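Q: Which chain is which? The protein sequence lines are A and B, in order. Sequential numbering from 613 applies to the first sequence in our numbering. Sequential numbering from 499 applies to the second sequence in our numbering.
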Amino acid sequence: MANEVKLHGVTRSPFVCRAVIALNLKDVKYEFVDEDLSNKSSDLIKYNPVYKKVPVLLHNGNPISESLVIVEYIDEVWKGVPLLPQDAYEKAQARFWAKFMDDKCFPTVFKAVTSLGEEQAVAEVHEALQFLENELKVKGSKFFGGDNINLVDIAATFVAFWIGAVEEALGIELLPKDKFPKLTEWSDNYVNCQAVKDSLPPREDLIAIYKKRFGKA
Amino acid sequence: MADEVTLYADGRSPFVCRVKIALNMKGIKYKNMEEDLQNKSGALLNYNPVHKKVPVLVHNGNPILESLVIVEYLDNVWERVPILPQDPYEKAAARFWAKFIDDKCIPALYKVFSSKGEEEQVITEACEQLQILEDELELKGKKFFGGDNINLVDIAADFIAYWLQLLEEATEMKLVTRSKFPKITEWAEGFVNCQVVKEMLPPRAIMLAYYKNRFGKI
């Protein structure tokens, strides 16, 4: 039976983008189902009744939700271009850092953005990002995944691309180059990977969305 | 070379217990290093500089952090008595539910007790999350989330099976009644009676005393 792959999402979401990047890296043919989050499709609600959120991956009719769960699923089903290390310990490290992105980095960035760059909120972003900066320094490689991107890099997509867009839209600084040289270098390299480049939404679109959302238009 | 496995732990913690259950299921010998969380050891801070928390598993000198990451690591390295399903879709489903328990259930439940049950909305929210688990058990129609045997999801939900009722007892606030959540009640009874689980749970008296002290009587 032919593989039928659909991805329910919105292009502006960094979480949806993780799934898009994984699919593109593995060269998986899929259909993107653009959702209107103010008017969710009955399919989305059916496939993700718990959260009613995107992304949702549909593989031969089976729904998978939660972006990092989706990325690991993609990695297990489509074998080319591994997204996780083979070694059990390195795999655990990768999962730890991917989780760190969601548990610490993203919430602090979200708080800083919604508070329009309030000092304490930005300080907390820097505290979280410093761990990433140190990790890159210790690893001494181009990506969190070494010479090639892996789950951690993919999880950090919002750091590489969304932070820049939000900084420009709101006129705030979250990731200063002088404080985070490694992370800045990593971001530039990451967004220039072909599979990532092919997956990112247009920067101007994001900037426009954030300007509108935070009343800076 | 013999495997050297050390667990930095707090015997009261449901997160630490997840790892202990997994170690026990797989018959893995390990050294338990009990931490005083008011006075963390240099070793713990060295192994987990990011979160400074337990559990930390150290395997042949390599530290692994985050209870569910540790459980998956144990499942990767020791293949006997699998904790995750083989099938990728079922594996993804198990990960989804384990994450749901951590991201939604446990925080919602903690909020009820830390807010002393004073806010209606907080209780409603917690019951909503429990209902989702109740429905999932109903749908599966099996003894455990893992089917006939416990899996990652059952282990992730250990707080709900054991610690929650002790919290309820200590604070005299009942959320999970048999009439409201029959499936969860039945599942919990089955789970805490599994040999591999029973052996790892902290004594009731210790948890009751801890919770009474921390949350007091409402």
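Think of the CB as a built atom: it goes at the ideal place given N, C-alpha and C, for glycine as much as any other residue. Remember, it's a predicted structure, so these values are computed and weren't measured experimentally.
So with CB distances below 8 Å, who are the chain B contacts of A700 of chain A?
A: The residue you call residue 700 of chain A lines up with position 88 of the first sequence. Residues of chain B passing the Cβ test: Y571, N574, V575.
Q: T769 of chain A: buried (16+ other C-beta within 10 angstroms of its C-beta) or exposed?
A: For the purposes of this step, residue 769 of chain A is taken as residue 157 along the first sequence, with counting starting at 1. Its Cβ being crowded by 16 or more others within 10 Å, T769 of chain A is buried.
Q: Counting only Cβ pairs nearer than 8 Å, list the residues of chain B close to I676 of chain A.
A: For the purposes of this step, residue 676 of chain A is taken as the residue at position 64 of the first sequence. Here the neighbours are Y587, A590, A591, F594.
Q: Taking DSSP as the reference, what is the three-state secondary structure of A830 of chain A?
A: Because chain A is modelled from 613 through 829, residue 830 of chain A falls outside the range shown and cannot be assessed.
Q: For a test of the three-state rule: what should DSSP assign to K614 of chain B, helix, strand or coil?
A: Indexing the second sequence from 1 puts residue 614 of chain B at position 116. In this structure, K614 of chain B counts as coil in the three-state DSSP scheme.
Q: Taking 6 Å as the limit between beta carbons, can you name the residues of its chain near L563 of chain B, skipping five residues before and five after?
A: As a working note, residue 563 of chain B is residue 65 in the second sequence. Around L563 of chain B: N546, V554.
Q: What do you get for A500 of chain B, buried or exposed, if any count of 16 or more other CB atoms within 10 angstroms of its CB means buried?
A: In the second sequence, counting from the first residue as 1, residue 500 of chain B sits at position 2. It is exposed - the Cβ of A500 of chain B has fewer than 16 other Cβ atoms within 10 Å.
Q: By how many angstroms is the C-alpha of N530 of chain B removed from the C-alpha of G559 of chain B?
A: Start at 1 with the first residue of the second sequence, and residue 559 of chain B comes out as number 61. Start at 1 with the first residue of the second sequence, and residue 530 of chain B comes out as number 32. One C-alpha to the other measures close to 15 Å.
Q: Looking only at its own chain, which residues have a Cβ that is under 8 Å from the Cβ of K703 of chain A, when we skip the five neighbours before and after it?
A: By one-based count along the first sequence, residue 703 of chain A stands at place 91. Hits under 8 Å: L696, P697.
Q: Mind checking whether D652 of chain B and F642 of chain B have CB atoms under 8 Å apart?
A: Indexing the second sequence from 1 puts residue 652 of chain B at position 154. Indexing the second sequence from 1 puts residue 642 of chain B at position 144. Yes, the pair counts as a contact, with Cβ atoms nearer than the cut-off.
Q: Can the beta-carbon of A710 of chain A be found closer than 8 Å to that of L763 of chain A?
A: As a working mapping, residue 710 of chain A is identified with position 98 in the first sequence. As a working mapping, residue 763 of chain A is identified with position 151 in the first sequence. Taking 8 Å as the Cβ cut-off, A710 of chain A and L763 of chain A qualify as a contacting pair.
Q: Should the region 575-594 of chain B be regarded as contacting the region 620-637 of chain B, the criterion being three or more beta carbon pairs within less than 8 Å?
A: No: fewer than three Cβ pairs fall under 8 Å.
Q: Go through its chain and collect everything with a Cβ distance to F773 of chain A's Cβ below 7 Å, but skip five positions before and after it.
A: Position 161 of the first sequence holds residue 773 of chain A. The residues are V803, L812.
Q: Ignore the nearest five residues each way along the sequence and tell me which others in V538 of chain B's own chain have a CB closer than 7 Å to its CB.
A: Locating residue 538 of chain B in the second sequence gives position 40, counting from the first residue. The question names Val, yet the displayed sequence has Lys at residue 538 of chain B. Once the five neighbours on either side are set aside, the close Cβ partners of K538 of chain B are K550.
Q: When you compare the CB positions of P661 of chain A and G621 of chain A, do they come within less than 8 Å of one another, or not?
A: Counting from one through the first sequence, the residue named residue 661 of chain A turns up at place 49. Counting from one through the first sequence, the residue named residue 621 of chain A turns up at place 9. The answer is no: Cβ separation not under 8 Å.
Q: For chain B, is any of its Cβ atoms less than 8 Å away from the one on F644 of chain A?
A: Taking the first sequence and counting its residues from 1, the one referred to as residue 644 of chain A is at position 32. No, F644 of chain A lies away from the interface with chain B (no Cβ there is under 8 Å from its Cβ).
Q: Confirm, please, whether the CB-CB distance from I657 of chain A to K664 of chain A is below 8 Å.
A: The residue labelled residue 664 of chain A in the question sits at position 52 within the first sequence. The residue labelled residue 657 of chain A in the question sits at position 45 within the first sequence. Yes.
Q: Of all the CB atoms in chain A, is at least one closer than 8 Å to the CB of N560 of chain B?
A: Taking the second sequence and counting its residues from 1, the one referred to as residue 560 of chain B is at position 62. It does; some Cβ of chain A falls within 8 Å.
Q: Could you tell me which residues DSSP puts in a beta bridge with T796 of chain A?
A: Position 184 of the first sequence, counted from the start, is the residue given in the question as residue 796 of chain A. T796 of chain A pairs with nothing; no bridge assigned.
Q: Flag this pair as yes or no: are the beta carbons of P680 of chain B and R510 of chain B separated by less than 8 Å?
A: Translated into the one-based positions of the second sequence, residue 680 of chain B becomes position 182. Translated into the one-based positions of the second sequence, residue 510 of chain B becomes position 12. Cβ distance not < 8 Å, so P680 of chain B and R510 of chain B don't count as in contact.
Q: If you measure between the beta carbons of L628 of chain B and E667 of chain B, is that distance less than 8 Å?
A: Counting from 1 along the second sequence, the entry for residue 628 of chain B is found at position 130. Counting from 1 along the second sequence, the entry for residue 667 of chain B is found at position 169. Against a cut-off of 8 Å, the Cβ pair of E667 of chain B and L628 of chain B comes out as no contact.
Q: Check whether chain A comes within 8 Å of V517 of chain B, counting only Cβ atoms and requiring the distance to be less than that.
A: Numbered from its first residue, the second sequence carries residue 517 of chain B at position 19. No, its Cβ sits nowhere closer than 8 Å to a Cβ of chain A.
Q: Is it the case that the Cβ atoms of K750 of chain A and L786 of chain A are separated by a distance below 8 Å?
A: For the purposes of this step, residue 750 of chain A is taken as the residue at position 138 of the first sequence. For the purposes of this step, residue 786 of chain A is taken as the residue at position 174 of the first sequence. Reading the sequence as shown, one finds Val at residue 750 of chain A and not Lys. Contact: no.
Q: If I'm right that T720 of chain A touches E736 of chain A with Cβ under 8 Å, what's the distance once you round it to whole angstroms?
A: The sequence position of residue 720 of chain A within the first sequence is 108, counting from 1. The sequence position of residue 736 of chain A within the first sequence is 124, counting from 1. Yes, T720 of chain A and E736 of chain A are in contact; Cβ-Cβ is about 5 Å, under 8 Å.
Q: Could you name each continuous beta strand (DSSP E) segment of 3 residues or more that falls completely within the region 735-783 of chain A, going from the start of the chain to the end?
A: Qualifying beta strand (DSSP E) stretches: none in this window.
Q: Less than 8 Å separating the beta-carbons of V694 of chain B and F712 of chain A?
A: Sequence index remark: in the second sequence, residue 694 of chain B carries index 196 (1-based). Sequence index remark: in the first sequence, residue 712 of chain A carries index 100 (1-based). Not a contact, by the Cβ cut-off of 8 Å.
Q: Which value, in whole angstroms, describes the spacing of the CA atoms of P586 of chain B and K640 of chain B?
A: Locating residue 586 of chain B in the second sequence gives position 88, where the first residue counts as 1. Locating residue 640 of chain B in the second sequence gives position 142, where the first residue counts as 1. Going from the Cα of P586 of chain B to the Cα of K640 of chain B covers about 20 Å.
Q: I need the straight-line Cα distance from V760 of chain B to K618 of chain A, nearest angstrom please.
A: Outside the shown range of chain B, which is 499 to 716, sits residue 760 of chain B, and nothing can be said about it.
Q: Look at the Cβ atom of I784 of chain A, then the Cβ atom of R624 of chain A, and state whether they are nearer than 8 Å.
A: Here residue 784 of chain A refers to the residue found at position 172 of the first sequence. Here residue 624 of chain A refers to the residue found at position 12 of the first sequence. Going by C-beta atoms, I784 of chain A is not nearer than 8 Å to R624 of chain A.
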